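Engineer:
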Amino acid sequence: MTVRSTKVTFTGSQGEPLAALLDLPVGPASAYAVFVHCFTCSKDIFAAARIAGALAARGIGVLRFDFTGLGMSGGEFANTNFSSNVADLLCAVDFLREEYEAPAILIGHSLGGAAVLAAAGDVPEAKAVATIGAPADADHVTRSFQADLSKIETRGEAEVTLAGRKFRIRKQFLDDVREQNLAGKISSLRKALLIFHAPLDQTVGIENAAKIFDAARHPKSFVSLDNANHLLARRSDALYVADVLAAWASRYIGIEETGDDAGDPQTVTVTETGKGKFQQRIASGPHRLFADEPESHGGFDSGPNPYDYLSIALGACTSMTLRLYAEKKGLDLGRISVEVGHSKVHAKDCEACAEGREGYVDLFERTIHIEGRLEDSTLAEKVVEIAGKCPVHRTLEKSSAVLTKLAGDSEEGRA
69 MTVRSTKVTF TGSQGEPLAA LLDLPVGPAS AYAVFVHCFT CSKDIFAAAR
119 IAGALAARGI GVLRFDFTGL GMSGGEFANT NFSSNVADLL CAVDFLREEY
169 EAPAILIGHS LGGAAVLAAA GDVPEAKAVA TIGAPADADH VTRSFQADLS
219 KIETRGEAEV TLAGRKFRIR KQFLDDVREQ NLAGKISSLR KALLIFHAPL
269 DQTVGIENAA KIFDAARHPK SFVSLDNANH LLARRSDALY VADVLAAWAS
319 RYIGIEETGD DAGDPQTVTV TETGKGKFQQ RIASGPHRLF ADEPESHGGF
369 DSGPNPYDYL SIALGACTSM TLRLYAEKKG LDLGRISVEV GHSKVHAKDC
419 EACAEGREGY VDLFERTIHI EGRLEDSTLA EKVVEIAGKC PVHRTLEKSS
469 AVLTKLAGDS EEGRA
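Anchor point for the sequence shown: position 169 equals 237 in the numbering used here, and the numbering is continuous, going up by one each time.
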């Protein structure tokens, strides 16, 4: 599924504009999530971007934002603390609730994980909470500038260096994190909890995951990130988190499972999704697809339109038929690809139409590509001939009968 990212802005807890990105699937989102970044990081950090993009590709809209004083957001970092971060997070929730839909999932990375644990109780719509490398108490963050603590205590503030950048930390920040009772928040969470943590995390030790897990009530789950680093710098680690998170969350937030409810393999079922004007969910045996119209026609462009599916059927059938013929005759045909275009033309302008046709007809123009050149003109002609024998080709050329009935009615009609 294609992903689109939109820049948005909302007002934070201190009245400053907070910069955010909303990663959305092209079609309607099945649910929304808020992703909260790590201490002194931003919404654009590698892990945040990749996890949000991967979740959006799976149909979940994700809002990621910069806390006050960080990234592209307004305000001064020195005036913030853990409590203001939690308040910023709740402002992000309010923005989604008012403009789109309240988040069903809260995701926090490192200190952002502690923030979602602290805030989750104030988000009644949230059904699932996930933490990634999160500390079990907010005060853990002070270990990042341990050498500067006494200076901050005596002077009231100090400039510290974190990840190569300078930040001003004030005593009110220390007082705030020390007053947090994260264990109490976790024990009263009453939401599904998923804890991701790497056993070799050098920034937030694995013992933090154990403390969070012990404090939480069921349903709770732990997923080891093996040798991933704290920032999930490897693409494979970020995508793994997104895959597991999406599958886990589907149980709690109402995303329909699509793999275990295989229908009749001889029947295709098409059902309105109820989202947008045209979007349809297609079930063909164990396979799930979307049909839609382009945005220019009022759709989401989340899948091929009905005539596109006819072209797909003709192209796929042509390629399969040619491959079967080549294998049967022992022909060394290169890779086959088929282009199919569809248009409506007047019968009098259609060279391929049978005599006697009137008015407008559907014209499917098929172009067959075979890797390498067919030097033998006789073989080239045979390829065109065999393509015309593909079952879908024959179905389209002949008059087909469509039997239509209303479910529950005994009377049948033909259309």
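A virtual CB, placed ideally from N, CA and C, is assigned to each residue, including glycine. Please read these numbers as outputs of a predicted model, since none were measured by experiment.
Could you tell me whether the segment 256 to 263 touches the segment 184 to 202, where touching means 3 or more Cβ pairs closer than 8 Å?
Structural biologist: yes
Engineer: Just to confirm before moving on: does the CB-CB distance between Asp134 and Ser110 stay below 8 Å?
Structural biologist: yes
Engineer: Is the segment 157 to 164 touching the segment 122 to 139 in the sense that three or more CB pairs, one from each, lie closer than 8 Å?
Structural biologist: With the rule of 3 Cβ pairs closer than 8 Å, the segment 122 to 139 counts as touching the segment 157 to 164.
Engineer: Is Asp190 buried or exposed, if buried means 16 or more other CB atoms sit within 10 Å of its CB?
Structural biologist: Flag for Asp190 reads exposed.
Engineer: What number of angstroms, rounded off, separates the C-alpha of Ala359 from the C-alpha of Arg403?
Structural biologist: Rounded to the nearest angstrom, the two C-alpha atoms are 28 Å apart.
Engineer: Name the residue from Ile175, Ala101, Asp207, Ala351 whose alpha carbon lies nearest to the alpha carbon of Val336.
Structural biologist: Looking only at Ile175, Ala101, Asp207, Ala351, the smallest Cα-Cα distance to Val336 is reached by Ala351.
Engineer: In whole angstroms, what separates the C-alpha of Lys253 from that of Gly95?
Structural biologist: 36 Å
Engineer: Let me know if Thr389 comes out buried or exposed under the rule of 16 or more other beta-carbons within 10 Å of its beta-carbon.
Structural biologist: buried
Engineer: Find the nearest neighbour of Ala117 within the set His177, Ala231, Glu144, judged by alpha-carbon distance.
Structural biologist: Here the closest residue by C-alpha is His177.
Engineer: Report the partner residues of Leu357 according to the DSSP bridge assignment.
Structural biologist: Ile350
Engineer: Output yes or no for whether 8 Å exceeds the beta carbon distance between Val76 and Ala125.
Structural biologist: For Val76 and Ala125, no; Cβs fall outside 8 Å.
Engineer: Classify Ser81 as buried or exposed, calling it buried when 16 or more other Cβ atoms lie within 10 Å of its own Cβ.
Structural biologist: buried
Engineer: Pop quiz: Ile175 and Val102 are said to be a contact at Cβ under 8 Å. What is the actual Cβ separation, rounded to whole angstroms?
Structural biologist: 7 Å
Engineer: Are the CB atoms of Leu90 and Ser141 nearer to each other than 8 Å?
Structural biologist: no
Engineer: Just to confirm the assignment: which complete beta strand (DSSP E) runs, minimum length 3, are found wholly within the segment 90 to 166?
Structural biologist: 99 to 104, 128 to 133
Engineer: Count the other C-beta atoms from every protein chain shown that fall within 10 angstroms of the C-beta of Ala231, then say buried if there are 16 or more, exposed otherwise.
Structural biologist: Classification of Ala231: exposed, given that the 10 Å Cβ count is below 16.
Engineer: What is the rounded straight-line gap between the Cα of Ala155 and the Cα of Gly127?
Structural biologist: 27 Å
Engineer: Roughly how many angstroms lie between the CA atoms of Lys457 and Glu465, to the nearest whole one?
Structural biologist: 11 Å
Engineer: Which of helix, strand or coil does DSSP assign to Ile321?
Structural biologist: Here Ile321 carries a helix assignment [DSSP, helix/strand/coil].
Engineer: Would you kindly work out how many angstroms separate the C-alpha atoms of Leu268 and Ala317, rounded to a whole number?
Structural biologist: 26 Å
Engineer: Name the DSSP bridge partner or partners of Ile200?
Structural biologist: His177, Phe264
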